[in-house]
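Inspection log for the structure reproduced underneath, given as structure tokens.
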Amino acid sequence: MEKEQTISTIDRLIEKLVTEGVSLGKHILVAIVIYVVGRFIVKLINRLVTNAMEKRKIDPAVRSFVGSTVNITLQALLILSVIGALGIQMTSFSALLVSAGAAIGMALSGNLQNFAGGLIILLLRPYKIGDLIEIGDETGTVKSIQMFNTVLTTFDNKIIFVPNSSISNGVMTNYSRQETRRVDLVVGVEYGTEFAKVQKVLEDIIAHDPRILADPKPFIAVNALSASSVDIVLKAWVKTEDYWDVSYDLNRIVYERFNQEGIGFPFPQLTVHQGK
1 MEKEQTISTI
11 DRLIEKLVTE
21 GVSLGKHILV
31 AIVIYVVGRF
41 IVKLINRLVT
51 NAMEKRKIDP
61 AVRSFVGSTV
71 NITLQALLIL
81 SVIGALGIQM
91 TSFSALLVSA
101 GAAIGMALSG
111 NLQNFAGGLI
121 ILLLRPYKIG
131 DLIEIGDETG
141 TVKSIQMFNT
151 VLTTFDNKII
161 FVPNSSISNG
171 VMTNYSRQET
181 RRVDLVVGVE
191 YGTEFAKVQK
201 VLEDIIAHDP
211 RILADPKPFI
221 AVNALSASSV
231 DIVLKAWVKT
241 EDYWDVSYDL
251 NRIVYERFNQ
261 EGIGFPFPQL
271 TVHQGK
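In this text, residue positions in the sequence shown follow full-length UniProt numbering: the first is 1, and each later residue adds one.
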């Protein structure tokens with residue numbers, strides 16, 4: 001009798017395991033289908049939103065921010081759908097979130113600040129996609145403005161993600177905002193060199209470079225009397241897009257011309273007086 005009851009109990013347990021296994025398998029299968037189809041739908045909606053904004057010629061910064069927001073929202077909805085398909089009660093899931101409320105709240109507070117910072121950036125437009133900006137120790141070209149971050153590409157092709165809140169609340173330098181920029185070149189010459197000769201050579205260099213603007217007028221003067229050199233400063237205005245090329249070219253041309261004209265470049269010297 002006891003043996004029959006034990007067999008019956010084992011049969012019921014096996015039957016229950018099989019039933020639960022089949023039910024779990026169905027939930028997993030449905031969740032996989034929802035995830036695969038959902039991923040396709042998310043990509044489709046993202047593409048439709050992007051195409052719609054491009055046809056309306058919406059500002060690239062707005063397109064980037066809206067596209068990032070839509071994508072993150074859809075991904076969150078997809079995750080919730082997959083959780084529901086697995087048979088996890090949303091009430092239980094919500095209770096789990098509430099139990100971890102403190103940690104989630106701290107995490108979301110930063111993201112909410114970044115989201116608000118992104119809205120401020122879009123509203124005030126301190127920069128746009130393609131601008132060269134400096135934030136703290138980082139300098140790069142704005143690649144995109146996302147929901148929580150602004151993405152920069154550095155000169156050596158690194159990708160930097162800067163939180164929007166740090167930009168909206170901090171100091172940011174935009175090197176592309178103005179149409180013109182000033183190139184400042186300081187060059188040291190030997191003591192005893194005639195300033196008039198140096199000035200004439202620099203003026204000739206400026207006159208033969210069409211990228212240097214005549215207005216505002218270039219400025220040449222003695223900048224400082226240093227320990228081993230007389231420092232001459234040249235300040236010239238150029239279009240913003242020509243700034244780096246002119247800056248590097250001036251260094252090369254000044255070096256070559258000074259050598260041709262016999263204008264010497266000094267080097268640090270130390271004079272030692274020996275006492276008797």
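C-beta atoms are modelled at their ideal positions from N, C-alpha and C, and glycine is treated no differently.
Have a look at N259 and K200 and give me their C-alpha separation to the nearest angstrom.
Within the sequence shown, residue 259 is the residue found at index 259, counting from 1. Within the sequence shown, residue 200 is the residue found at index 200, counting from 1. Those two C-alpha atoms are separated by around 14 Å.
Do I159 and V142 have their beta-carbon atoms positioned less than 8 Å apart in this structure?
Residue mapping note: residue 142 aligns to position 142 of the sequence shown, counting from 1. Residue mapping note: residue 159 aligns to position 159 of the sequence shown, counting from 1. Not a contact, by the Cβ cut-off of 8 Å.
For W237, list the residues DSSP reports as bridge partners.
The residue given as residue 237 occupies position 237 in the sequence shown. According to DSSP, W237 bridges with R182.
Quick check: what's the CA-CA separation for V82 versus D242?
Within the sequence shown, the letter at position 82 stands for residue 82. Within the sequence shown, the letter at position 242 stands for residue 242. Going from the Cα of V82 to the Cα of D242 covers about 53 Å.
Among all the DSSP beta bridges, which residues are the ones paired with M147?
Taking the first residue of the sequence shown as 1, we reach residue 147 at position 147. DSSP, once it has assigned bridges, lists no residue as partnering M147.
Give the secondary structure of V242 by DSSP, where H, G and I count as helix, E and B as strand, and everything else as coil.
What you label residue 242 is simply residue 242 of the sequence shown in a count that begins at 1. Strictly speaking, residue 242 in this sequence is Asp, with Val absent from that position. Three-state DSSP puts D242 in a helix.
Kindly give me the distance between the Cβ atoms of T240 and Q178, rounded to whole angstroms, as I take these residues to be in contact under 8 Å.
Along the sequence shown, one-based indexing puts residue 240 at 240. Along the sequence shown, one-based indexing puts residue 178 at 178. Their Cβ separation, rounded to whole angstroms, is 6 Å, which keeps T240 and Q178 in contact under 8 Å.
For T150, is the classification buried or exposed, using 16 other Cβ atoms within 10 angstroms of its Cβ as the cut-off for buried?
By 1-based counting over the sequence shown, the position of residue 150 is 150. Buried: at least 16 other Cβ atoms inside 10 Å.
Among V254, N169, S226, L225, which has the Cα closest to the Cα of E203?
As a working note, residue 203 is residue 203 in the sequence shown. That would be V254, whose Cα lies nearest to the Cα of E203.
Would you call N157 buried or exposed, if buried means 16 or more other Cβ atoms sit within 10 Å of its Cβ?
Position 157 of the sequence shown, counting from 1, holds the residue named residue 157. N157 comes out exposed.
Quick check: what's the CA-CA separation for A76 versus V70?
As a first step, residue 76 is located in the sequence shown; it is residue number 76 there, counting from the start. As a first step, residue 70 is located in the sequence shown; it is residue number 70 there, counting from the start. When rounded, the distance between both Cα atoms is 10 Å.
Should I79 be counted as a contact of the ligand NAP given a C-beta to heavy atom distance under 7 Å?
Inclusion of the ligand NAP in the displayed structure is not the case, the ligand content being empty and no account of it being possible.
With DSSP run on the structure shown, which of helix, strand or coil describes G84?
Taking the first residue of the sequence shown as 1, we reach residue 84 at position 84. In the structure shown, G84 sits in a helix (DSSP, three-state: H, G or I).
How many Å lie between L132 and R39 at the Cα?
Translated into the one-based positions of the sequence shown, residue 132 becomes position 132. Translated into the one-based positions of the sequence shown, residue 39 becomes position 39. C-alpha separation (whole angstroms): 35 Å.
Looking at the structure shown, is V171 part of a helix, part of a strand, or coil, going by DSSP?
Start at 1 with the first residue of the sequence shown, and residue 171 comes out as number 171. Note: V171 maps to coil in three-state DSSP.
Is it buried or exposed, L152, if we count other Cβ atoms within 10 angstroms and call 16 or more buried?
Indexing the sequence shown from 1 puts residue 152 at position 152. Buried is the call here.
Can you give me the C-alpha to C-alpha distance between A214 and F155, rounded to a whole angstrom?
For the purposes of this step, residue 214 is taken as the residue at position 214 of the sequence shown. For the purposes of this step, residue 155 is taken as the residue at position 155 of the sequence shown. So the two alpha carbons sit approximately 30 Å from each other.
Considering only the alpha carbon of each residue, which of V230, L225, Y35 lies closest to V198?
Counting from 1 along the sequence shown, the entry for residue 198 is found at position 198. It is V230.
Kindly list the residues whose CB is nearer than 6 Å to the CB of A224, restricted to its own chain and excluding five residues on each side of it in sequence; keep chain order.
Locating residue 224 in the sequence shown gives position 224, where the first residue counts as 1. Contacts found: D231.
Would you check if there are 3 or more beta carbon pairs closer than 8 Å linking the segment 168 to 178 to the segment 205 to 213?
The segment 168 to 178 vs the segment 205 to 213: no contact.
In whole angstroms, what is the alpha-carbon distance linking L112 and Q146?
For the purposes of this step, residue 112 is taken as the residue at position 112 of the sequence shown. For the purposes of this step, residue 146 is taken as the residue at position 146 of the sequence shown. Going by the C-alpha atoms only, they are around 13 Å apart.
Relative to the C-alpha of E54, which candidate in V42, G67, K43 has its C-alpha closest?
The count along the sequence shown starts at 1 and reaches residue 54 at position 54. The residue with the shortest Cα to Cα distance from E54 is G67.
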